[in-house]
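Accompanying notes for the structure given below.
2 protein chains.
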Amino acid sequence: MSARFSYLTSLTGSRTGEAYDPAVPQNLGADGSTLFARYDLDAVREAVNPDVIAGRPHDLWRYHELLPVQDPDAVHGFGEGMTPLIDLPKLGRHLGLNRLKFKDESALPTGTFKARGAAVGVARAAELGIRRIAMPTNGNAGAAWASYSARYGIELTAIQPVDAPRINRSESSFAGADISLIDGLISDAGRAIAQLVEKGEHFDVSTLKEPYRVEGKKTMGLEIAEQLGWRVPDVILYPTGGGVGLIGIHKALLELQELGWIPKDRMPRLVSVQAEGCDPIVRAFETGTENVEPLSDTSTIAFGVNVPSPMLGAPSVLNAVRSTHGIAVRVSDEDTMAALHAIAEDEGLLPCPEGAMTVAAAGALRRTGWIAEDDEVVLLNTGAGNKYGDVLGVSLPLLDRSGAPTGESL
Amino acid sequence: MSARFSYLTSLTGSRTGEAYDPAVPQNLGADGSTLFARYDLDAVREAVNPDVIAGRPHDLWRYHELLPVQDPDAVHGFGEGMTPLIDLPKLGRHLGLNRLKFKDESALPTGTFKARGAAVGVARAAELGIRRIAMPTNGNAGAAWASYSARYGIELTAIQPVDAPRINRSESSFAGADISLIDGLISDAGRAIAQLVEKGEHFDVSTLKEPYRVEGKKTMGLEIAEQLGWRVPDVILYPTGGGVGLIGIHKALLELQELGWIPKDRMPRLVSVQAEGCDPIVRAFETGTENVEPLSDTSTIAFGVNVPSPMLGAPSVLNAVRSTHGIAVRVSDEDTMAALHAIAEDEGLLPCPEGAMTVAAAGALRRTGWIAEDDEVVLLNTGAGNKYGDVLGVSLPLLDRSGAPTGESL
Numbered sequence: 203m204s205a206r207f208s209y210l211t212s213l214t215g216s217r218t219g220e221a222y223d224p225a226v227p228q229n230l231g232a233d234g235s236t237l238f239a240r241y242d243l244d245a246v247r248e249a250v251n252p253d254v255i256a257g258r259p260h261d262l263w264r265y266h267e268l269l270p271v272q273d274p275d276a277v278h279g280f281g282e283g284m285t286p287l288i289d290l291p292k293l294g295r296h297l298g299l300n301r302l303k304f305k306d307e308s309a310l311p312t313g314t315f316k317a318r319g320a321a322v323g324v325a326r327a328a329e330l331g332i333r334r335i336a337m338p339t340n341g342n343a344g345a346a347w348a349s350y351s352a353r354y355g356i357e358l359t360a361i362q363p364v365d366a367p368r369i370n371r372s373e374s375s376f377a378g379a380d381i382s383l384i385d386g387l388i389s390d391a392g393r394a395i396a397q398l399v400e401k402g403e404h405f406d407v408s409t410l411k412e413p414y415r416v417e418g419k420k421t422m423g424l425e426i427a428e429q430l431g432w433r434v435p436d437v438i439l440y441p442t443g444g445g446v447g448l449i450g451i452h453k454a455l456l457e458l459q460e461l462g463w464i465p466k467d468r469m470p471r472l473v474s475v476q477a478e479g480c481d482p483i484v485r486a487f488e489t490g491t492e493n494v495e496p497l498s499d500t501s502t503i504a505f506g507v508n509v510p511s512p513m514l515g516a517p518s519v520l521n522a523v524r525s526t527h528g529i530a531v532r533v534s535d536e537d538t539m540a541a542l543h544a545i546a547e548d549e550g551l552l553p554c555p556e557g558a559m560t561v562a563a564a565g566a567l568r569r570t571g572w573i574a575e576d577d578e579v580v581l582l583n584t585g586a587g588n589k590y591g592d593v594l595g596v597s598l599p600l601l602d603r604s605g606a607p608t609g610e611s612l
Numbered sequence: 203m204s205a206r207f208s209y210l211t212s213l214t215g216s217r218t219g220e221a222y223d224p225a226v227p228q229n230l231g232a233d234g235s236t237l238f239a240r241y242d243l244d245a246v247r248e249a250v251n252p253d254v255i256a257g258r259p260h261d262l263w264r265y266h267e268l269l270p271v272q273d274p275d276a277v278h279g280f281g282e283g284m285t286p287l288i289d290l291p292k293l294g295r296h297l298g299l300n301r302l303k304f305k306d307e308s309a310l311p312t313g314t315f316k317a318r319g320a321a322v323g324v325a326r327a328a329e330l331g332i333r334r335i336a337m338p339t340n341g342n343a344g345a346a347w348a349s350y351s352a353r354y355g356i357e358l359t360a361i362q363p364v365d366a367p368r369i370n371r372s373e374s375s376f377a378g379a380d381i382s383l384i385d386g387l388i389s390d391a392g393r394a395i396a397q398l399v400e401k402g403e404h405f406d407v408s409t410l411k412e413p414y415r416v417e418g419k420k421t422m423g424l425e426i427a428e429q430l431g432w433r434v435p436d437v438i439l440y441p442t443g444g445g446v447g448l449i450g451i452h453k454a455l456l457e458l459q460e461l462g463w464i465p466k467d468r469m470p471r472l473v474s475v476q477a478e479g480c481d482p483i484v485r486a487f488e489t490g491t492e493n494v495e496p497l498s499d500t501s502t503i504a505f506g507v508n509v510p511s512p513m514l515g516a517p518s519v520l521n522a523v524r525s526t527h528g529i530a531v532r533v534s535d536e537d538t539m540a541a542l543h544a545i546a547e548d549e550g551l552l553p554c555p556e557g558a559m560t561v562a563a564a565g566a567l568r569r570t571g572w573i574a575e576d577d578e579v580v581l582l583n584t585g586a587g588n589k590y591g592d593v594l595g596v597s598l599p600l601l602d603r604s605g606a607p608t609g610e611s612l
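Read top to bottom, the protein sequences are chains A and B.
First residue of the first sequence: 203, per our numbering; consecutive thereafter.
First residue of the second sequence: 203, per our numbering; consecutive thereafter.
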């Protein structure tokens, strides 16, 4: 048997398990649920192993057997992936966590984890012959998909809330995307995109409405396992908006268990971290239901997780949390800002507010004892704080040209 | 002979060659010129080779024999380095360059190449017992040094022009640096820092006033050579402010030649790219002198290269350019913006304006025939465009909450 680049076999409905053909463009299953990619893991186990992967290029395509793109020549990335896993000794001491680590997605193209979903999602869309795509975005996803769309020669139409970080407007626009602002939240943008898609000229790449974005996000879980020497930490904390990242990490670890590359009897407890001002997953977790209630008029400084109705992803997010004995917790914006200051002062790292939420949540869970001091804890920082000038303003003393204080601050 | 972590032997004055002790903090030589680190390259050649380096962690410390830090336990980085070298096929076709590549420093901590100088400079300062440092900055260097200073527990005082990118203020301030704004240019900030340093409480880490920042920048050259399979391209274009990066790349390639890791008879032509509004190096290159004339009231949208009097670095920059049969060229802000649009639309990459200057310069040098169509050309993108919201503003259509056009643009 000759080695293949991808061992993708089918797409299956997340509710019924019904199989769909991955060789043609697919959105949702017949029952309206998300489709997930399935691989011939027995064949993967024969074809490759961790030692082989260790010698490959240092990007997310090193896991190509577990990704959906069929043709190696169809990949035209930016060297994305294999972001650093950084020890946080000083912050860990302050929080009472002896083994605290930071998966830093700010190193990716466009400065956020959204590049993973776009790298794989756009490459696969191009391979399937799709030429025009559309999506709602809280800003960073639009920027990432605009970047890869330009790279692959695909046309992107995106709508983002007017309150999304301003820099996202420039990123998408410079890359040639057709980008509009909407006077509302991402749920409103989603409805507007759905209307556009109905006209039949765009393929819908909204969160979990096509099966390949989550495959890109999955590589976060693959990398964490490889970077820890093919084992898992005790706890992973993840800031949750649409939930694709957490779903992807969970899917990655299940696939690695089935491959036998990580122990089968051990899964990290997955923690979904949400903002007090937008906490639909936490509410559902606390009430024990499987489906979330959509919220409205939600608000948080961590704009990426201002997703009031993450309906498609919620069942999988809740399953990831519950099946791993994890938890869903909310963090106030005040605690997020305090956590941002703490990690910046202790370690010199400036995460995005969403990433800082995981710092705050880890501290709170340590204080309640839910996390033990010797637990190995991985914080997922989804992006660069330096894209959030809008919310990270400071006031600094102004000197005149000779260097003398003016008494003024700017 | 047991292997050492670093093969640093001495610091030598760039003008006289006089040797200084690297085991204690050093600023300039007695004649006021920059000190450069020297290594026992014969011993390095015995101790390590490219095959060994290939198996090391994917960061700039893989070259530790050629870096100044003595103790491996003194390194507490963020996994920095080994940034991607990306092919630019579509942009290359448009510019008539068949082998165009992009060294993308936006993947580094704080999103710019300044992290290299800070990673090595701060680690070495900490190892030498230095506790308080001071520097002028055009913004990104201050952000990077603030980040590593927090990580290593060093106190940083920095002064940056009030027109530096606003996000740099937040980055430095959140990391706990003592940061002030000055109503002037980096040359004014430099004078104010010199006054502060005279008081004797701060070690001066201004550009080329200490010998280790350039060692960090040197790793750009080491990485380009390794990523090309231990050979050099035909041309490297570099946006030049203080000039440390170009000096570092040149120094790296000379050391690799002496090691025999790259061919001795071939050096890339090094191109110093400056802005029309701030071109002291280009003026000196064109008039054939060795020293630059300081300028005043310079201006460019590429703020990082708004360095009106790069006196310390100029002789080394001019030597790097002239000895490699390179050239120094200026680019207008209009051409820089056009180049930014071109690379974003063609390839989906959003470089900083300084990085975009190299795109414009490559196109111009191709048109004059100075670069041939089959020359292998590396553009140095020094940082992420998404830190430059101030100059990359766009206007986008605003939809109301239902998705209908309002006729307004924001």
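Quick reminder that beta carbons are idealized off the backbone N, C-alpha and C, glycines included.
Ordered list of beta strand (DSSP E) runs contained in the region 501-546 of chain B, each at least 3 residues: 529-533
Below 8 angstroms on the Cβ atoms is my guess for Y188 (chain B) versus S212 (chain B); work out the distance and round it to an integer in Å. Nothing about residue 188 (chain B) can be reported from this structure: the residues present for chain B run from 203 to 612 only.
Taking only the alpha-carbon atoms, compute the straight-line gap between R295 (chain B) and E610 (chain A) and give it to the nearest angstrom. Against the second sequence, residue 295 (chain B) aligns to sequence position 93. Against the first sequence, residue 610 (chain A) aligns to sequence position 408. Answer to the nearest angstrom: the Cα atoms are 51 angstroms apart.
Could you tell me the alpha carbon to alpha carbon distance between I451 (chain B) and D499 (chain B), rounded to whole angstroms? On the second sequence, position 249 is the one that residue 451 (chain B) refers to. On the second sequence, position 297 is the one that residue 499 (chain B) refers to. So the two alpha carbons sit approximately 29 angstroms from each other.
Chain B partners of S372 (chain A), CB-CB under 7 angstroms? Here residue 372 (chain A) is taken as the residue at index 170 of the first sequence, counted from 1. Simply G591, L594, G595, V596.
Would you check if the region 225-238 of chain A and the region 378-385 of chain A touch, i.e. whether three or more CB-CB distances between them fall below 8 angstroms? no
Tell me, to the nearest whole angstrom, how far the beta carbon of G319 (chain B) is from that of K419 (chain B); I am working on the premise that it is less than 8 angstroms. By one-based count along the second sequence, residue 319 (chain B) stands at place 117. By one-based count along the second sequence, residue 419 (chain B) stands at place 217. Confirmed, about 5 angstroms.
Chain B contacts made by the region 262-281 of chain A, where a contact means CB separation under 9 angstroms: H278, G279, F280, G281
Rounded to whole angstroms, what is the Cα-Cα separation between T339 (chain B) and I395 (chain B)? Sequence index remark: in the second sequence, residue 339 (chain B) carries index 137 (1-based). Sequence index remark: in the second sequence, residue 395 (chain B) carries index 193 (1-based). If you take the alpha carbons of T339 (chain B) and I395 (chain B), they lie about 10 angstroms apart.
Run down chain B in chain order and give the residues with a C-beta less than 7 angstroms from the C-beta of P369 (chain A). Translated into the one-based positions of the first sequence, residue 369 (chain A) becomes position 167. It should be noted that the sequence gives Ile, not Pro, for residue 369 (chain A). What I369 (chain A) touches in chain B: N588, G591.
Decide if the region 500-511 of chain B is in contact with the region 352-362 of chain B; the criterion is three or more beta carbon pairs, one per stretch, under 8 angstroms apart. no
Short Cβ contact (8 angstroms threshold) for V484 (chain A) with A540 (chain A): The residue labelled residue 484 (chain A) in the question sits at position 282 within the first sequence. The residue labelled residue 540 (chain A) in the question sits at position 338 within the first sequence. No, the pair does not count as a contact, with Cβ atoms beyond the cut-off.
Taking F376 (chain A) as the query, report the chain B residues whose CB atoms sit under 8 angstroms from its CB, ordered along the chain. Sequence index remark: in the first sequence, residue 376 (chain A) carries index 174 (1-based). Counting only Cβ-Cβ distances below 8 angstroms, F376 (chain A) has contacts in chain B at L542, H543, A546, E547, L552, G587, L594, V596, in chain order.
Please confirm whether Q165 (chain B) has its beta-carbon closer than 8 angstroms to some beta-carbon of chain A. Outside the modelled stretch of chain B, which goes from 203 to 612, sits residue 165 (chain B), for which no answer is possible.
R353 (chain B) versus chain A: which residues are under 9 angstroms apart at the beta carbon? Counting from 1 along the second sequence, the entry for residue 353 (chain B) is found at position 151. Ordered by position in chain A, the residues that pass the 9 angstroms Cβ test against R353 (chain B) are K292, D548, E549, G550, L551.
Beta carbon of E282 (chain B), beta carbon of A321 (chain B): below 8 angstroms? As a position in the second sequence, residue 282 (chain B) is number 80, starting the count at 1. As a position in the second sequence, residue 321 (chain B) is number 119, starting the count at 1. Taking 8 angstroms as the Cβ cut-off, E282 (chain B) and A321 (chain B) qualify as a contacting pair.
C-alpha gap between T409 (chain B) and E549 (chain A), whole angstroms: The residue given as residue 409 (chain B) occupies position 207 in the second sequence. The residue given as residue 549 (chain A) occupies position 347 in the first sequence. Each residue's Cα considered, the two are about 24 angstroms apart.
Roughly how many angstroms lie between the CA atoms of A239 (chain A) and A574 (chain A), to the nearest whole one? Here residue 239 (chain A) corresponds to residue number 37 of the first sequence, with the count starting at 1. Here residue 574 (chain A) corresponds to residue number 372 of the first sequence, with the count starting at 1. Taking the straight line from one Cα to the other gives about 35 angstroms.
Continuous beta strand (DSSP E) stretch holding M337 (chain B): start and end: On the second sequence, position 135 is the one that residue 337 (chain B) refers to. Its beta strand (DSSP E) spans residues 334-338.
Per-residue contacts from R206 (chain A) into chain B (C-beta, under 7 angstroms): As a first step, residue 206 (chain A) must be located in the first sequence, where it is residue number 4. Under the 7 angstroms cutoff, chain B gives no residues; its nearest Cβ is about 25 angstroms from R206 (chain A).
The beta strand (DSSP E) enclosing N370 (chain B), as first and last residue numbers: Here residue 370 (chain B) is taken as the residue at index 168 of the second sequence, counted from 1. Segment 368-376 is the alpha helix (DSSP H) holding N370 (chain B); no beta strand (DSSP E) there.
Taking 8 angstroms as the threshold (beta carbon to beta carbon), is L601 (chain B) in contact with chain A? By one-based count along the second sequence, residue 601 (chain B) stands at place 399. True, the Cβ-Cβ gap to chain A drops below 8 angstroms.
For A360 (chain A): DSSP bridge partner residues: On the first sequence, position 158 is the one that residue 360 (chain A) refers to. DSSP output for A360 (chain A) lists A:M337, A:I381 as bridge partner(s).
Do you know how far the Cα of V416 (chain A) is from the Cα of L520 (chain A)? Here residue 520 (chain A) refers to the residue found at position 318 of the first sequence. Here residue 416 (chain A) refers to the residue found at position 214 of the first sequence. Cα-Cα distance, rounded: 16 angstroms.
At least one CB of chain A closer than 8 angstroms to the CB of M513 (chain B): is that the case? Stepping through the second sequence from its first residue, residue 513 (chain B) is reached at position 311. False, the Cβ-Cβ gap to chain A never drops below 8 angstroms.
Report buried or exposed for D577 (chain B), applying the criterion of at least 16 other Cβ atoms within 10 angstroms of its Cβ. To locate residue 577 (chain B), count along the second sequence from 1; it is residue 375. Classification for D577 (chain B): buried.
Would M539 (chain B) count as contacting chain A if we go by Cβ distances under 8 angstroms? In the second sequence, counting from the first residue as 1, residue 539 (chain B) sits at position 337. No - not a single Cβ of chain A is within 8 angstroms of the one on M539 (chain B).
Within-8 angstroms CB hit, H260 (chain B) to chain A: Taking the first residue of the second sequence as 1, we reach residue 260 (chain B) at position 58. Judged by the 8 angstroms Cβ criterion, H260 (chain B) is in contact with chain A.
Measuring alpha carbon to alpha carbon, tell me which residue in A:D261, A:V271, A:P227, A:P259 is nearest Y241 (chain A). One-based indexing of the first sequence puts residue 241 (chain A) at position 39. Of the listed residues, the one whose Cα sits closest to Y241 (chain A) is A:V271.
What's the call for H278 (chain A), buried or exposed, on a 16-neighbour Cβ count within 10 Å? Indexing the first sequence from 1 puts residue 278 (chain A) at position 76. H278 (chain A) comes out buried.
For chain B, check one thing: does any of its Cβ atoms lie closer than 8 angstroms to the Cβ of Y209 (chain A)? Sequence index remark: in the first sequence, residue 209 (chain A) carries index 7 (1-based). No, Y209 (chain A) does not count as interfacial toward chain B.
Please give me, in chain order, every unbroken run of the alpha helix (DSSP H) with length at least 4 that falls completely inside the region 277-303 of chain A. With a minimum length of 4 residues, the unbroken runs of alpha helix (DSSP H) contained wholly in the region 277-303 of chain A fall at 291-297.
Listed by chain order, chain B residues near Y350 (chain A) by CB distance under 8 angstroms: Taking the first sequence and counting its residues from 1, one reaches residue 350 (chain A) at position 148. Simply G550.
Excluding five sequence neighbours on each side, which residues of the same chain lie with their C-beta closer than 8 angstroms to the C-beta of K411 (chain B)? Translated into positions along the second sequence, residue 411 (chain B) becomes position 209. Around K411 (chain B): N229, L230, T236, L514.
May I ask you to check if the CB of D548 (chain A) is nearer than 7 angstroms to at least one heavy atom of the ligand ADP? The model on display carries no ligand, and the ligand ADP is accordingly not part of it.
Neighbour list for R318 (chain B) in chain A, Cβ cutoff strictly below 8 angstroms: Numbered from 1 along the second sequence, position 116 holds the residue referred to as residue 318 (chain B). Ordered by position in chain A, no residue passes the 8 angstroms Cβ test against R318 (chain B), which lies about 14 angstroms from the chain.
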